[in-house]
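Participant: Got a structure for you, questions after.
In the numbering used here, the protein residues as written are 5 to 176.
Have a look at this one:
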């Protein structure tokens, strides 16, 4: 099976393109194109550059990008400089990690207005229901039977005689 570098060179030569023409079309420097075609990935400082350049180059040559990128990942994993680094922690991922990942992918500019609108609709529906129940309620329904107190009979009332009245006996 040919390497990614061999596939890129063969496709370029089959299309009759020179390295300078590829550099003009892709805006990739000629020394980087030569390094990609020779499989010398140590020229690049990070795998992100290699992957980006190979993707652009494969797109120009109309090669299958997913297949080329998969093969490139396999080739890079075999090199010491560009293989995937070990994880920083050996702890297994928990449910909170998956929730946080899902929340980080949410488009909050779209979700928050929708949630606000739904909350407003629920509040309006509950307010309308409470108003309708209050409007139809009988205000005297909760009164008990023993709340009526009759007025007292005034003829049975005796008021005390004031002590400072002129007809009151004097105390000495």
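From the three backbone atoms N, C-alpha and C, an ideal C-beta is built for every residue, glycine too.
Could you give the residue range of the alpha helix (DSSP H) that holds residue 51?
Facilitator: Walking along the chain shown from the start, residue 51 turns up at place 47. Its alpha helix (DSSP H) spans residues 51-64.
Participant: Please state the DSSP three-state secondary structure of residue 92.
Facilitator: Against the chain shown, residue 92 aligns to sequence position 88. If DSSP states are grouped into helix, strand and coil, residue 92 belongs with coil.
Participant: Would you grab the beta carbon distance between residue 57 and residue 32 for me? Rounded to a whole angstrom, and I think it's under 8 Å.
Facilitator: Translated into positions along the chain shown, residue 57 becomes position 53. Translated into positions along the chain shown, residue 32 becomes position 28. Right, the Cβ-Cβ distance comes to about 5 Å (below 8 Å), so this counts as a contact.
Participant: Is the region 15-25 close to the region 49-69, with three or more CB pairs under 8 Å?
Facilitator: Touching, yes.
Participant: Could you tell me whether the Cβ of residue 81 comes closer than 9 Å to any Cβ of chain C?
Facilitator: The chain inventory of the structure shown lacks chain C, comprising one protein chain alone.
Participant: Grab me the residues of residue 75's own chain with a C-beta within less than 7 Å of its C-beta, minus the 5 sequence neighbours each way, in chain order.
Facilitator: As a position in the chain shown, residue 75 is number 71, starting the count at 1. Cβ within range, chain order: 8.
Participant: Would you say the region 105-114 touches the region 36-54, given that touching needs at least three Cβ pairs under 8 Å?
Facilitator: Result no; under three Cβ-Cβ pairs closer than 8 Å.
Participant: Along the alpha helix (DSSP H) that carries residue 17, what are the first and last residues, could you check?
Facilitator: To locate residue 17, count along the chain shown from 1; it is residue 13. Residue 17 -> alpha helix (DSSP H) spans 8-19.
Participant: Which term fits residue 11, buried or exposed, when burial requires 16 or more other beta carbons within 10 angstroms of its beta carbon?
Facilitator: Stepping through the chain shown from its first residue, residue 11 is reached at position 7. Buried, by the Cβ-count rule.
Participant: For a test of the three-state rule: what should DSSP assign to residue 2, helix, strand or coil?
Facilitator: Summary: the structure shown does not reach residue 2, with the chain confined to residues 5 through 176, and so no result is reported for it.
Participant: Which residue wins for smallest C-alpha separation from residue 3, given the options 20, 45, 60?
Facilitator: Lying before the first or after the last residue shown, residue 3 is absent from the chain, which here runs from 5 to 176.
Participant: Leaving aside the five residues before and after residue 81 along the sequence, list all residues of the same chain whose C-beta is less than 7 Å from its C-beta, in chain order.
Facilitator: Working through the chain shown from its first residue, we reach residue 81 at position 77. Once the five neighbours on either side are set aside, the close Cβ partners of residue 81 are 87, 88.
Participant: Only counting the same chain, and skipping five residues up and downstream in sequence, which positions put a Cβ closer than 7 Å to that of residue 40?
Facilitator: As a working note, residue 40 is residue 36 in the chain shown. Answer for residue 40: 9, 12, 57, 58, 61, listed in chain order.
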